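These notes concern the structure reproduced below.
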Amino acid sequence: MRNPLNKTITEIKPSGIRKFFDIVAEMPEAISLGVGEPDFDTPWKVRDEAIYSLERGRTFYTSNSGLKELRIEIADFLDRHYGLKYDPITEMLMTVGGSEGIDVALRAMLDPGDEVLIPQPCYVSYEPCTILAGGVPVPIDLKEENDFRLKPEELEAAITDKTKILIMPFPNNPTGAVMEKEDLEPIVELVKKHDLFVLTDEIYAELSYTTTSHVSIASFPGMKERTIYINGFSKSHAMTGWRLGYVCAPEIIIQQMTKIHQFAIMCAPTTSQYAAVTAIRDCDDDVANMREEYNDRRRYLLNRFKQMNLKCFEPFGAFYVFPSVAEFGMTSEEFCTKLLKEKEVAVVPGTAFGESGEGNVRISYAYSLENLKKAMDRIEDFIKELRK
Amino acid sequence: MREKILSYIEHNSRIDLSDLAMMLGTDKAAIMNELEAMENDHIICGYPTLINWDKADVEKVSALIEVRVTPQRGMGFDKVAERIYNYPEVDAVYLISGSYDFMVSIEGHTLREVADFVSAKLSPLDSVLSTQTNFVLKKYKDHGIIMAEKHVDEREKVSL
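Note that the protein sequences, when read in sequence, are chains A and B. Position one of the first sequence corresponds to residue 91 (our numbering), numbered consecutively onward. Position one of the second sequence corresponds to residue 20 (our numbering), numbered consecutively onward.
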């Protein structure tokens, strides 16, 4: 029989830490600080709206781009929160989570051989999606001494005449790093100088704990026309399972993206879109409450690390901390496996998010204080024993 | 800081104060001072525990009683309320808007006990015009906490 499989997909490696996941799966009693999704329930009024839409029989496809009413609300939200001005009709597409937006944008923009700059550590999908779209992923290793922010020197060193897109994954999963206005300014200059496009994944934008509010790279003068802006409801509104995100970009890009989306997906889930109208219109307070609680937990973890003398830069976004375990003379994966086996606490090796994650582990604080405390007590015992 | 402390202890009055201090970026002594000050000012009125008596197999009967009264000259409703809330059986008394004046929540061990309280103590009060007793059949949620179910984390153990 002939090989039924496509060469490109078979050559993409599954996550490097499969083995670690398998061990976690066998230990149901372990305390996990390993998830990348909120612990809060979706606000009830959002769920209620979804139920109501089902009762009303709103179970048909929406237009390919998504419900117009929702897109108008999102345009208003983006303006009110980040000063972004997008035309909801021509510059926006509702997608199946932010992840579909990433995939479709890369497919709509890349020609074979085009290079995509990917600051790492980062979420795992940019690299395979780039390869599947025919592009060439070029990782940029972010450094702990820079609080895992992207520096202009690092960017400039990675640019070639084949570079087309820079991915900006901030606030960042797994590091929790953010890029503030001053950090973005020199990046913006380089992007313009080298005529690049930016795919900015701002799915964690609402979960930002800096004193000044989150700044989008799309809001800089001259950047809107070269930015593909990705956001969604998963993290900010605790709606991961609803699979709903959106992309804002120049009309010519949205047009081509809509074609791919139309042929592959038809439209984002209708029930989720009706529910999302309520989420984006009426839930600013719910989001603020969640953010405040995450921030309290973030401070709790950083203080615990300080007490146990574990090196950790202060992350200002998402719901992750990314402490260094380099002092223990083992790889991140060895550290996590040993911690799991000996203390039954699951955290994720930094290397799951790219090689530059070596030496760190991702700890999620999308957990109750009770859970965090229990896990921190165990981690404290664990590193005491390692230091003996 | 006060508001944050209150919002945490409202849901968990047994929260470890060192943990709370770490979350709020302050120290334990500062939290204790604030708590003491709020206890003195009677902002914090007590630290009771929310109990699901059904599960504890202890017989309890509670009722919500709608009470219509005549307010007393110069004292308004407060004097009448005091007559009512001083009975130890009375759990809560609220002055409310609507077609009656007080909502009185009472708790007893048996139906008889509750009935006796209404007929022998509450109704005969001079200023009480009428009462309507509503027995509680089942408590679903109290003080923001759902009584019936314990929250379980149904997320996958690890996701990227």
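Glycine included, every Cβ here is placed at the ideal spot set by N, Cα and C. In this text the structure is predicted, and so the values were computed from the model without any measurement.
Extent of the continuous alpha helix (DSSP H) to which residue i belongs
{"i": "residue 352 (chain A)", "result": "341-354"}
{"i": "residue 100 (chain B)", "result": "97-104"}
{"i": "residue 193 (chain A)", "result": "187-199"}
{"i": "residue 41 (chain B)", "result": "36-43"}
{"i": "residue 212 (chain A)", "result": "Segment: none, residue 212 (chain A) is in no alpha helix (DSSP H) and carries neither H nor E."}
{"i": "residue 460 (chain A)", "result": "459-477"}
{"i": "residue 137 (chain A)", "result": "134-145"}
{"i": "residue 242 (chain A)", "result": "242-248"}
{"i": "residue 180 (chain A)", "result": "Taken as a continuous stretch (DSSP letters only), residue 180 (chain A) belongs to no alpha helix (DSSP H), as it is neither H nor E."}
{"i": "residue 166 (chain A)", "result": "158-172"}
{"i": "residue 27 (chain B)", "result": "21-30"}
{"i": "residue 102 (chain A)", "result": "No alpha helix (DSSP H) holds residue 102 (chain A); DSSP gives it neither H nor E."}
CB contact check: residue i to chain B, cutoff 8 Å
{"i": "residue 390 (chain A)", "result": "yes"}
{"i": "residue 477 (chain A)", "result": "no"}
{"i": "residue 126 (chain A)", "result": "yes"}
{"i": "residue 245 (chain A)", "result": "no"}
{"i": "residue 438 (chain A)", "result": "yes"}
{"i": "residue 372 (chain A)", "result": "no"}
{"i": "residue 459 (chain A)", "result": "yes"}
{"i": "residue 399 (chain A)", "result": "no"}
{"i": "residue 316 (chain A)", "result": "no"}
{"i": "residue 428 (chain A)", "result": "no"}
{"i": "residue 214 (chain A)", "result": "yes"}
{"i": "residue 111 (chain A)", "result": "yes"}
{"i": "residue 463 (chain A)", "result": "yes"}
{"i": "residue 393 (chain A)", "result": "yes"}
As assigned by DSSP and simplified to three states, the class of residue i
{"i": "residue 256 (chain A)", "result": "strand"}
{"i": "residue 133 (chain B)", "result": "helix"}
{"i": "residue 148 (chain B)", "result": "strand"}
{"i": "residue 114 (chain A)", "result": "helix"}
{"i": "residue 154 (chain B)", "result": "strand"}
{"i": "residue 150 (chain A)", "result": "coil"}
{"i": "residue 220 (chain A)", "result": "helix"}
{"i": "residue 58 (chain B)", "result": "helix"}
{"i": "residue 121 (chain A)", "result": "strand"}
{"i": "residue 85 (chain B)", "result": "strand"}
{"i": "residue 442 (chain A)", "result": "helix"}
{"i": "residue 126 (chain A)", "result": "coil"}
{"i": "residue 410 (chain A)", "result": "strand"}
{"i": "residue 74 (chain B)", "result": "coil"}
{"i": "residue 358 (chain A)", "result": "coil"}
Sequence-distant residues of the same chain with beta carbon closer than 6 Å to residue i, five excluded per side
{"i": "residue 332 (chain A)", "result": "362"}
{"i": "residue 188 (chain A)", "result": "293, 320, 322, 335"}
{"i": "residue 244 (chain A)", "result": "230"}
{"i": "residue 340 (chain A)", "result": "315"}
{"i": "residue 408 (chain A)", "result": "261, 263, 266, 294, 297"}
{"i": "residue 57 (chain B)", "result": "63"}
{"i": "residue 84 (chain B)", "result": "123, 150, 152"}
{"i": "residue 227 (chain A)", "result": "206, 208, 217, 220"}
{"i": "residue 34 (chain A)", "result": "As shown, chain A starts at 91 and ends at 478. That puts residue 34 (chain A) outside it, with no answer to give."}
Contact with chain A by residue i, beta-carbon distance below 8 Å
{"i": "residue 174 (chain B)", "result": "yes"}
{"i": "residue 54 (chain B)", "result": "no"}
{"i": "residue 42 (chain B)", "result": "yes"}
{"i": "residue 38 (chain B)", "result": "yes"}
{"i": "residue 25 (chain B)", "result": "no"}
{"i": "residue 177 (chain B)", "result": "yes"}
Residue range of the unbroken beta strand (DSSP E) whose run includes residue i
{"i": "residue 384 (chain A)", "result": "Where residue 384 (chain A) is concerned, there is no enclosing beta strand (DSSP E), although the alpha helix (DSSP H) it sits in stretches over 374-397."}
{"i": "residue 110 (chain B)", "result": "109-114"}
{"i": "residue 338 (chain A)", "result": "335-338"}
{"i": "residue 121 (chain B)", "result": "121-127"}
{"i": "residue 454 (chain A)", "result": "451-454"}
Same chain, Cβ closer than 7 Å to residue i, five either side skipped, listed in chain order
{"i": "residue 79 (chain B)", "result": "72, 126, 128"}
{"i": "residue 250 (chain A)", "result": "205"}
{"i": "residue 223 (chain A)", "result": "196, 197, 200"}
{"i": "residue 161 (chain B)", "result": "69"}
{"i": "residue 66 (chain B)", "result": "32"}
{"i": "residue 105 (chain A)", "result": "214, 442"}
{"i": "residue 465 (chain A)", "result": "121, 123, 435"}
{"i": "residue 119 (chain A)", "result": "434"}
{"i": "residue 246 (chain A)", "result": "280"}
{"i": "residue 98 (chain B)", "result": "91"}
Cut-off 8 Å between Cβ atoms - residues of its own chain near residue i, not counting five sequence neighbours on either side
{"i": "residue 274 (chain A)", "result": "305, 307, 310"}
{"i": "residue 242 (chain A)", "result": "276, 277, 279, 280"}
{"i": "residue 203 (chain A)", "result": "224, 225, 226, 252"}
Residue i beta carbon near the ligand ZN (any heavy atom closer than 7 Å)
{"i": "residue 95 (chain A)", "result": "This structure simply doesn't include the ligand ZN, nor any ligand for that matter."}
Beta carbon proximity, residue i to chain E, threshold 8 Å
{"i": "residue 115 (chain A)", "result": "Absent from the structure: chain E. Protein chains present are A and B."}
(Q) Going residue by residue through the stretch 256-315 of chain A, where are the continuous alpha helix (DSSP H) segments of at least 4 residues, counting only ones entirely within it? (A) 271-283
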